[in-house]
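Asker: Chain order of the listed sequences is R and Y.
For what it's worth, this note's numbering labels the leading residue of the first sequence as 6, then goes sequentially.
For what it's worth, this note's numbering labels the leading residue of the second sequence as 6, then goes sequentially.
I have a structure here, written as structure tokens, and I will follow up with some questions on it.
There are 2 protein chains.
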Amino acid sequence: MSPATNGLSTQVDAPKPSKYDPNFTQHVIDTMGPNVTPRNRVVLSAFIRHLHDFTREVELTIEEWLAAVQFVNDVGKIYSESGKTRNESHRLSDILGLETLVDEIAHKIISDTDVDPTSSAILGPFWSPNAPFRENGGTIIQDPNPDGKVCLMHGIISDLVTGKPIPGAVFDIWQASANGKYDFQDPENQTPNNLRGKFRADENGKYWFYCYRPTAYSLPRDGPSFQLLQMLDRHPMRPAHIHIMVTHPEYKGCTTQLYPKDDPWLATDTVFAVKDDLVVDFKPLKGDDKAILELDYNVILAPKDYKGKDF
Amino acid sequence: MSPATNGLSTQVDAPKPSKYDPNFTQHVIDTMGPNVTPRNRVVLSAFIRHLHDFTREVELTIEEWLAAVQFVNDVGKIYSESGKTRNESHRLSDILGLETLVDEIAHKIISDTDVDPTSSAILGPFWSPNAPFRENGGTIIQDPNPDGKVCLMHGIISDLVTGKPIPGAVFDIWQASANGKYDFQDPENQTPNNLRGKFRADENGKYWFYCYRPTAYSLPRDGPSFQLLQMLDRHPMRPAHIHIMVTHPEYKGCTTQLYPKDDPWLATDTVFAVKDDLVVDFKPLKGDDKAILELDYNVILAPKDYKGKDF
Chain R
6 MSPATNGLST
16 QVDAPKPSKY
26 DPNFTQHVID
36 TMGPNVTPRN
46 RVVLSAFIRH
56 LHDFTREVEL
66 TIEEWLAAVQ
76 FVNDVGKIYS
86 ESGKTRNESH
96 RLSDILGLET
106 LVDEIAHKII
116 SDTDVDPTSS
126 AILGPFWSPN
136 APFRENGGTI
146 IQDPNPDGKV
156 CLMHGIISDL
166 VTGKPIPGAV
176 FDIWQASANG
186 KYDFQDPENQ
196 TPNNLRGKFR
206 ADENGKYWFY
216 CYRPTAYSLP
226 RDGPSFQLLQ
236 MLDRHPMRPA
246 HIHIMVTHPE
256 YKGCTTQLYP
266 KDDPWLATDT
276 VFAVKDDLVV
286 DFKPLKGDDK
296 AILELDYNVI
306 LAPKDYKGKD
316 F
Chain Y
6 MSPATNGLST
16 QVDAPKPSKY
26 DPNFTQHVID
36 TMGPNVTPRN
46 RVVLSAFIRH
56 LHDFTREVEL
66 TIEEWLAAVQ
76 FVNDVGKIYS
86 ESGKTRNESH
96 RLSDILGLET
106 LVDEIAHKII
116 SDTDVDPTSS
126 AILGPFWSPN
136 APFRENGGTI
146 IQDPNPDGKV
156 CLMHGIISDL
166 VTGKPIPGAV
176 FDIWQASANG
186 KYDFQDPENQ
196 TPNNLRGKFR
206 ADENGKYWFY
216 CYRPTAYSLP
226 RDGPSFQLLQ
236 MLDRHPMRPA
246 HIHIMVTHPE
256 YKGCTTQLYP
266 KDDPWLATDT
276 VFAVKDDLVV
286 DFKPLKGDDK
296 AILELDYNVI
306 LAPKDYKGKD
316 F
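Below, the structure written as structure tokens:
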């Protein structure tokens, strides 16, 4: 017996009466012409709807709207005035969790077994396409920093489905120096590609090289993103991390970050990029005169055609 | 008999299973510290929620997100590089209907009688606080344009509740010249405050002066806002309009725009600012050697403490 036949109707809340024009948002959407691509129609309609719903929901004031207009202009001003080296819009989307969300949507793979592929995390603004290939056993430290703690990092890159190693997989690493700055940001102390390098896994899927134990750093404490962080009463700290991007033509690539397990900013990372399987243990290393620490980290990649659990 | 006692439960759709972390958005919101102002907490929480919901709803891709990041940087770049004279972020919010929505939220007055106050419309980016006071009967045309059609504009400013005139009310008008450009945009042809002026209503609430019949114009056809209009397959035209801002210390001010009834862009105004009571009739004028057209437009203001219909 359905509610429709027993005289009871499903209870539906009547829409709250509003003094605002109920047709306005649809009118704005409907001004789109016939030549909009199907994907743009979906994305832009949803964007307009959410923008308007947000605005009505909070009854945004003229002053708040004008502050937002000025904020957007200021975001682009920083990019423009820095000679495009400081991407404040990218940073802004990071502190709002947007890059992490987009990364999850693009890269989340739900395994259909009890083995999971290595989690993805955001690319961030500091990756470079120009990092040089280096030999396994080499170092990415071109310009030593006296506070840097050298670490022998090594591991095996393997296949999610077969468990077998993936020879030839490329392990691309980049990290800030012990002063918390990347080469781009620190030309006085760092030459280009300091603390960057690509390594090719050997016939056993192994990679190994020297890097630094990473150092936590603050996002810049000037500019509109930091203003927003202050408005949100949030700190601007990223936990210490090493960026890696692991690729092979036959596998889904994995771009991610690794975090020391004792970092105080793990739970409140200002860009929300920490996941459990990315928290690692740097251990003391004996008998290697080049390093005082060791990090053993294995990466698991899903084959390119891997579907995983269906949703 | 309630559904709970007759064994039928109210049907509620189960949330669609999602492969995305259901706690992520709340986590981002919860990183706000204790010192956020109550209003900022409401506005920023809602903004983050809508931003994330939009992103998941359309499954925004990395490429789309990066295009949006670049778009925001480009918006601010225009502002920065134009010496802050071209507010592209303001224009962007206009073509998304945001300024019209914020204006409605701030200024909509629902009358509790069958007389309505004059509708509000957006301020736009061209108002100037420096417009000079001029005498009734004067002109705002400092720099005549050969294509300009001179119009005697006049009317009465009156009280919504009593119907009585409001002596001393200030009628501030600004408009583009017959080439579709405001003084700010056209320093070669226009001196500062051309086609701008403030008039004080006389003891009968009357104002009168000479201006132009307005000319439709296009938003700039370069820059990110125009790119977005092209993506939306929309034209960049504003219907011809005269801007007015009518104020008096004892009344709610009215900022609005007036549109000729035969303008072809009324239904698809690129900034969505047209309302029925703002569409006006320019009539031929005989016997005045200064003007060939006449516009009679009365303005009705609500007293400052007027509440209107309750919602």
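Here a beta-carbon is modelled for each residue, glycine too, at the ideal position from N, C-alpha and C.
Which residues of the segment 234 to 258 of chain R have a Cβ closer than 7 Å to any Cβ of chain Y? Give them in chain order.
Answerer: M236, L237, D238 and R239
Asker: Identify which residue in R:A245, R:M242, R:I249 and R:G185 has its Cα closest to the Cα of F204 of chain R.
Answerer: Selected option, being the one with the closest Cα: R:I249.
Asker: Three-state secondary structure (DSSP) at G210 of chain R?
Answerer: coil
Asker: So who's on the other strand from R243 of chain R, going by DSSP bridges?
Answerer: R243 of chain R pairs with R:Y222.
Asker: Measure the alpha-carbon distance for P172 of chain R versus G210 of chain R and round it to whole angstroms.
Answerer: 4 Å
Asker: Just confirm the distance between the C-beta atoms of L290 of chain Y and M158 of chain Y, as a whole number of angstroms; I'd bet it's less than 8 Å.
Answerer: Their Cβ separation, rounded to whole angstroms, is 11 Å, which puts L290 of chain Y and M158 of chain Y out of contact at 8 Å.
Asker: Around the Cβ of Q180 of chain Y, are there at least 16 other Cβ atoms within 10 angstroms (buried) or fewer (exposed)?
Answerer: buried
Asker: Provide the residue(s) that pair with Q262 of chain R in DSSP beta bridges, ordered along the chain.
Answerer: R:H248
Asker: Y264 of chain R touches chain Y at which residues, Cβ-Cβ below 8 Å?
Answerer: Those do not exist, as Y264 of chain R stays about 16 Å from chain Y at its closest Cβ, beyond 8 Å.
Asker: What does the alpha-carbon distance come out to for the pair K314 of chain R and I34 of chain Y?
Answerer: For K314 of chain R and I34 of chain Y, the distance between alpha carbons rounds to 29 Å.
Asker: Going residue by residue through the segment 29 to 71 of chain Y, where are the continuous alpha helix (DSSP H) segments of at least 4 residues, counting only ones entirely within it?
Answerer: Segments of the alpha helix (DSSP H) lying fully in the segment 29 to 71 of chain Y: 29 to 35 and 43 to 62.
Asker: For T123 of chain R, list the residues DSSP reports as bridge partners.
Answerer: Answer by DSSP bridge pairing: none, since T123 of chain R is not bridged.
Asker: Name the residues in the segment 95 to 107 of chain Y whose C-beta lies less than 8 Å from a C-beta of chain R; which are they?
Answerer: H95, L97, S98, L101, G102, L103, E104, T105, L106 and V107
Asker: Taking CB distances under 9 Å as the criterion, tell me whether V304 of chain Y reaches chain R.
Answerer: It does not: the Cβ of V304 of chain Y has no partner Cβ on chain R nearer than 9 Å.
Asker: Specify whether the segment 82 to 90 of chain R and the segment 53 to 70 of chain Y touch according to this definition: at least 3 beta carbon pairs, one from each stretch, less than 8 Å apart.
Answerer: no
Asker: Which residues in chain R have a C-beta closer than 7 Å to the C-beta of F52 of chain Y? List them in chain order.
Answerer: F59
Asker: Leaving out the 5 sequence neighbours to the left and right, which residues in its chain are closer than 7 Å to T261 of chain Y when beta-carbon positions are compared?
Answerer: Annotation for T261 of chain Y: T123, S124, S125, A126, I249 and L283 place their beta carbon closer than 7 Å to its own, counting only its chain and skipping 5 residues before and after.
Asker: Leaving out the 5 sequence neighbours to the left and right, which residues in its chain are closer than 7 Å to D207 of chain R when beta-carbon positions are compared?
Answerer: N141 and P172
Asker: Hey, does P75 of chain R have any beta-carbon neighbour from chain Y nearer than 9 Å?
Answerer: For the sequence presented, residue 75 of chain R should be read as Gln rather than Pro. Yes, Q75 of chain R counts as interfacial toward chain Y.
Asker: Does the beta carbon of A221 of chain R fall short of 8 Å from some heavy atom of the ligand NAP?
Answerer: Although the ligand NAP was asked about, the structure shown includes no ligands whatsoever.
Asker: Per DSSP, L300 of chain Y forms a beta bridge with which residues?
Answerer: Residue pairing of L300 of chain Y in beta bridges, as defined by DSSP: Y:M158.
Asker: Label H55 of chain R either buried or exposed according to how many other C-beta atoms from any shown protein chain fall within 10 Å of its C-beta, with 16 as the threshold for buried.
Answerer: buried
Asker: Closer than 7 Å by beta-carbon distance: list the chain Y residues that pair up with E69 of chain R, in chain order.
Answerer: Going along chain Y in sequence order, the residues near E69 of chain R (Cβ under 7 Å) are V48.
Asker: Considering only C-alpha positions, which residue in the set Y:G129, Y:C259 and Y:D274 is nearest to F176 of chain Y?
Answerer: Y:C259
Asker: State yes or no: is the beta carbon of T196 of chain R nearer than 9 Å to at least one beta carbon in chain Y?
Answerer: no
Asker: Give the straight-line distance between the Cα atoms of S50 of chain Y and P265 of chain Y, rounded to the nearest whole angstrom.
Answerer: 42 Å
Asker: Among R:I100, R:Y215 and R:T42, whose alpha-carbon lies nearest the alpha-carbon of I247 of chain R?
Answerer: For the residues R:I100, R:Y215 and R:T42, the minimum Cα distance to I247 of chain R belongs to R:Y215.
Asker: Measure from the alpha carbon of D148 of chain R to the alpha carbon of each residue in R:K113, R:D191 and R:H112, then state which is nearest.
Answerer: R:D191
Asker: Determine whether the Cβ of P137 of chain Y lies closer than 9 Å to any Cβ atom of chain R.
Answerer: Residue contact with chain R for P137 of chain Y: absent (no Cβ-Cβ distance below 9 Å to any residue of chain R).
Asker: So N78 of chain R and S163 of chain R are supposed to be a Cβ contact under 8 Å. How far apart are they, rounded?
Answerer: In fact, because the Cβ distance is near 49 Å, the residues do not count as touching under 8 Å.
Asker: Would you kindly check if the distance between the Cβ of Y311 of chain R and the Cβ of K257 of chain R is under 9 Å?
Answerer: yes
Asker: Could you spell out where the alpha helix (DSSP H) holding V276 of chain Y opens and where it closes?
Answerer: No alpha helix (DSSP H) holds V276 of chain Y; DSSP gives it neither H nor E.
Asker: So, does the segment 29 to 44 of chain R touch the segment 100 to 107 of chain Y, judging by three or more C-beta pairs under 8 Å?
Answerer: yes
Asker: Out of curiosity, what's the CA-to-CA distance linking L271 of chain R and K24 of chain Y?
Answerer: Approximately 23 Å, taken between the alpha carbons.
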